[in-house]
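Asks: Below you'll find the structure I mean.
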Amino acid sequence: MKTPYSAIADTLDHASGVVVVTGAGVSAESAIPTFRDTMTGLWAKFDPQTLATPEAFAADPETVTRWYDHRRLGCLAAEPNAGHTALAEIERRVTARGGSFTLLTQNVDGLHRRAGSVHVVELHGSVARWRCTATGREFEPGPDAFKTFPPPSPFEEGAVLRPCVVWFGEALPDVALDAAERALETCDLFLSIGTSSVVWPAAGFMHAASARGAPTVEINPEPTGISDDVTWSVRAKSGEALPAIVHLMACH
Ligand SMILES: NC(=O)c1ccc[n+]([C@@H]2O[C@H](COP(=O)([O-])OP(=O)(O)OC[C@H]3O[C@@H](n4cnc5c(N)ncnc54)[C@H](O)[C@@H]3O)[C@@H](O)[C@H]2O)c1
């Protein structure tokens, strides 16, 4: 009998539409904390659900932008790990033989692109980009921390910058949702990696793929709400499981 790793590798070798959804767990091995682990040190007294909202930004823009600048600099200093690199390699192999590959990420850290993934949909935006609250124009700040909080907009006198991330209570960008929907329509293999699968709409993607008859995979060291419903539930770190799967793939 095939092990789950060789069955997944074999399915990847033959799938024509691969859709992957990732969450904060994929970046845990790059030392970027998951939401649960992010509130340490200076931030221990805060709850992310109360900082990552438009209401929090309206009430206390200084604290919210300080937190996001702290996270932005943490992401810039981090390096992609073996899990990110393996996903980029899987994309290269699937697309080289004419298949399609879409990486839907809930992460805002930019590490998938830095690892070489090409078809990445950032469902929740990016901490690397900030936008003017008055004009909506976007801006990618340099490697130094902002000097004042909230940072002043370079586009309009008196306006400020906010991070280009989707906060709790905000809608996901239409362009990201459309891309996810299109990819799921032709999906014949779905992988959910490093996500607790509680934040919608990403939490529903596995069920959409499964309803189409696509085999489904979860890679997560902990069980989640979808673990019992997937075809293969792999209880392992993504930085260990994904390179092992790539190693077993036949197509190069
Ligand atoms: N890196 C980032 O960009 C980042 C960091 C923190 C939070 N967030 C945001 O947090 C929200 C919460 O959803 P979520 O599901 O992405 O994160 P989450 O924090 O709710 O869940 C993370 C999941 O990853 C798993 N995990 C931990 N280490 C892992 C590893 N080495 N390999 C594989 N899985 C591992 C955990 O068991 C958990 O189920 C999202 O909206 C996301 O935008 C993003």
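One point on numbering: in this note's numbering, the residue at position 96 of the sequence shown is 233, and numbering is uninterrupted.
Just so you know, even glycine gets a beta-carbon here, dropped at the ideal spot from N, CA and C.
Out of Gly154, Arg234, Ala381 and Leu213, which has the shortest C-alpha to C-alpha gap to Val245?
Replies: Considering only alpha carbons, the answer is Leu213.
Asks: So, is Asp206 buried or exposed, given that buried needs 16 or more other C-beta atoms within 10 angstroms?
Replies: Buried, since its Cβ has 16 or more Cβ neighbours within 10 Å.
Asks: Which runs of the beta strand (DSSP E) fall wholly inside the stretch 297-328 and span at least 3 residues, in chain order?
Replies: Runs found: 298-302.
Asks: Assign Glu403 to one of two classes, buried (16 or more other C-beta atoms within 10 Å of its C-beta) or exposed (fewer than that).
Replies: This structure leaves residue 403 out entirely; the chain is present only between 138 and 389.
Asks: Measure from the alpha carbon of Ser364 to the alpha carbon of each residue in Ser334, Val264 and Val383, then state which is nearest.
Replies: Ser364 has its Cα closest to that of Ser334, out of Ser334, Val264 and Val383.
Asks: Taking the alpha-carbon of His249 as reference, which of Gly220, Pro170, Val231 and Ala381 has the nearest alpha-carbon?
Replies: Checking every option, the nearest Cα to that of His249 belongs to Gly220.
Asks: For Ser347, collect the residues of the same chain with a Cβ closer than 6 Å to its Cβ; drop the 5 residues on either side in sequence, then sort them by chain order.
Replies: If we look at Ser347 and ignore the five residues flanking it on each side, its Cβ neighbours are Thr353.
Asks: To which residues does DSSP link Phe342 through a beta bridge?
Replies: Paired residue(s): none; Phe342 is not in a bridge.
Asks: Taking 8 Å as the threshold (C-beta atoms), are Phe238 and Val303 in contact?
Replies: Going by C-beta atoms, Val303 is not nearer than 8 Å to Phe238.
Asks: Checking 8 Å against the spacing of the C-beta atoms, do Ala381 and Val158 come in under that value?
Replies: No, the pair does not count as a contact, with Cβ atoms beyond the cut-off.
Asks: Helix, strand or coil: which one does DSSP assign to Leu188?
Replies: DSSP places Leu188 in helix when its eight states are reduced to three.
Asks: State the DSSP-derived secondary structure class of Thr222, mapped to helix, strand or coil.
Replies: Three-state DSSP puts Thr222 in a helix.
Asks: For Ser329, verify whether its CB is less than 7 Å away from any heavy atom of ligand 1.
Replies: Not under cutoff, so the answer is no.
Asks: Are the CB atoms of Phe286 and Glu199 within a distance shorter than 8 Å?
Replies: Contact flag set, yes.
Asks: Could you check what DSSP says for Ile227 in three-state terms: helix, strand or coil?
Replies: Ile227 falls in the helix class under three-state DSSP.
Asks: Check for me: the beta strand (DSSP E) holding Trp204 runs from which residue to which?
Replies: Premise fails: Trp204 lies in the alpha helix (DSSP H), Pro198 to Ala214, not in any beta strand (DSSP E).
Asks: Starting from the C-beta of Thr171, find all residues in its chain whose C-beta is less than 7 Å away, skip the five residues before and the five after it, and write them out in chain order.
Replies: Cβ within range, chain order: Ala161, Gly162 and Ala165.
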